[in-house]
Amino acid sequence: MSDAFGIIVVGDEILSGRRRDRHFEGLGGLLRERGFSVAWLRILPDDPDYLAAELGRTMSEARPVFCCGGIGATPDDHTRACAARAAGVALGMHPGAVAEIEARFGADAYPHRIRMAELPHGSDLIPNPYNRVPGFSIQRHYFMPGFPDMAHPMAAWVLDTYFSAGGRPEAQRALQVFGVPESSLMDLMDQLTRQFPDAKLFSLPRLGKEFQIEMGFRGQGDLDAPFNALTAGLGKLGVRYELLDD
545 MSDAFGIIVV
555 GDEILSGRRR
565 DRHFEGLGGL
575 LRERGFSVAW
585 LRILPDDPDY
595 LAAELGRTMS
605 EARPVFCCGG
615 IGATPDDHTR
625 ACAARAAGVA
635 LGMHPGAVAE
645 IEARFGADAY
655 PHRIRMAELP
665 HGSDLIPNPY
675 NRVPGFSIQR
685 HYFMPGFPDM
695 AHPMAAWVLD
705 TYFSAGGRPE
715 AQRALQVFGV
725 PESSLMDLMD
735 QLTRQFPDAK
745 LFSLPRLGKE
755 FQIEMGFRGQ
765 GDLDAPFNAL
775 TAGLGKLGVR
785 YELLDD
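Our numbering applies: residue 545 is where the sequence shown begins, and numbers increase by one.
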């Protein structure tokens, strides 16, 4: 399970459409480069009860999770307190975080910026190369700012520090099918799914003047056998297709 990470993005501004999420693309790229994958993406509101409940649920699983957003010092930043609630620990000043924030801001750390040093008891710090205000980790959840320019270098540090390389990067073999609906290929897809359970079959229809389907397999193993079986099956059905670049 450790080869696949969850990603949580916290912020009403994402859900309202005022800002566009960039964490899925950036963190997903970091993970894939190292042989990991994204298990799921969740965008959560700035609602303390809902956020604490969701973090409690994901902390009950063994999967590592990146969580971006809501760790600032303003009243709408609830993630630090919610992480403590979910982990069943108190929220208090982390001496290492205090030292980093004081070193960065001096007297201007007080009275507001120092709030960002209030972390769940037992947290480990995640260095922030952008402005030295650290993130934190607890129960295989890695909490970072909502700003991608800060969060993504911090996530790279987490991966390089705590995780050895994952499996082989996921590969893909794909083709474009023309002129037939998915329903006419269901028997073939069912057969291939049973025959090659370790490869992930995908089928993505596209609407246009001529019906098209992008089909193929994804996985970390050898995709030649299932892909060759797909092309052979399409050939037997007399279906027109073109190979796509991997």
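Using N, Cα and C, we set each Cβ at its ideal position, and we do this for glycine too.
Would you mind giving the Cβ-Cβ distance between residue i and residue j, rounded to the nearest angstrom? I have them listed as a contact below 8 Å.
| i | j | result |
| --- | --- | --- |
| Pro-689 | Cys-612 | 7 Å |
| Arg-576 | Glu-714 | 7 Å |
| Glu-786 | Leu-703 | Actually they are not in contact, since the Cβ atoms of Glu-786 and Leu-703 sit about 37 Å apart, beyond 8 Å. |
| Pro-655 | Ala-625 | The Cβ separation is near 18 Å, so there is no contact. |
| Pro-770 | Phe-761 | 5 Å |
| Ile-552 | Val-633 | Wrong, their Cβ atoms sit about 19 Å apart, outside the cutoff. |
| Ala-595 | His-567 | Residue identity check: residue 595 is Leu in the sequence provided, not Ala. With a Cβ gap of about 16 Å, Leu-595 and His-567 do not count as contacting. |
| Gly-679 | Ile-615 | 7 Å |
| Leu-669 | Ala-641 | 6 Å |
How would you call residue i, buried or exposed, if buried means at least 16 neighbouring beta carbons within 10 angstroms?
| i | result |
| --- | --- |
| Tyr-686 | buried |
| Gly-555 | buried |
| Ala-531 | No statement about residue 531 is possible, as the shown extent of the chain runs from 545 to 790 and does not include it. |
| Pro-619 | exposed |
| Met-660 | buried |
| Asn-672 | buried |
| Arg-717 | buried |
| Arg-629 | buried |
| Glu-598 | buried |
| Ser-681 | buried |
| Asp-547 | buried |
| His-638 | buried |
| Asp-565 | buried |
| Gly-570 | buried |
| Gly-752 | exposed |
| Leu-767 | buried |
| Ser-604 | exposed |
With DSSP run on the structure shown, which of helix, strand or coil describes residue i?
| i | result |
| --- | --- |
| Asp-591 | coil |
| Gln-739 | helix |
| Asp-789 | coil |
| His-696 | helix |
| Phe-826 | Residue 826 lies beyond the residue range present for the chain, which begins at 545 and ends at 790; the question has no answer from this structure. |
| Asp-547 | coil |
| Gly-665 | Note on residue identity: the sequence assigns His, not Gly, to residue 665. His-665: coil per DSSP, three-state reduction. |
| Phe-580 | coil |
| Arg-784 | strand |
| Gly-679 | strand |
| Ala-773 | helix |
For residue i, which residues in the same chain have their Cβ closer than 7 Å to its Cβ, ignoring the five residues on either side in sequence?
| i | result |
| --- | --- |
| Phe-649 | Arg-657 |
| Gln-739 | Ala-773 |
| Arg-559 | First, the amino acid is wrong: residue 559 is Leu here, not Arg. These residues qualify, in order along the chain: Ile-587 and Pro-589. |
| Lys-744 | Phe-761, Arg-762 and Gly-763 |
| Glu-646 | Ala-653 |
Is there at least one non-hydrogen atom of the ligand HEM closer than 6 Å to the beta-carbon of residue i?
| i | result |
| --- | --- |
| Thr-623 | Among the components modelled here there is no ligand, and therefore nothing to report on the ligand HEM. |
Quick one: what's got a C-beta closer than 8 Å to residue i's C-beta in the same chain, skipping five residues either side?
| i | result |
| --- | --- |
| Asn-675 | Arg-648 and Met-694 |
| Ser-747 | Glu-726, Leu-729, Met-733, Ile-757, Glu-758 and Met-759 |
| Leu-788 | Ala-718, Leu-719, Gln-720, Glu-758 and Gly-760 |
| Ala-700 | Leu-574 |
For this session: Write down every uninterrupted run of the beta strand (DSSP E) in the segment 590-661 whose length is 3 residues or greater and which is fully enclosed by it, in chain order.
Result: 609-612 and 635-637
Problem set entry | Completely contained alpha helix (DSSP H) runs for the segment 698-766, where each covers 4 or more residues | 730-739
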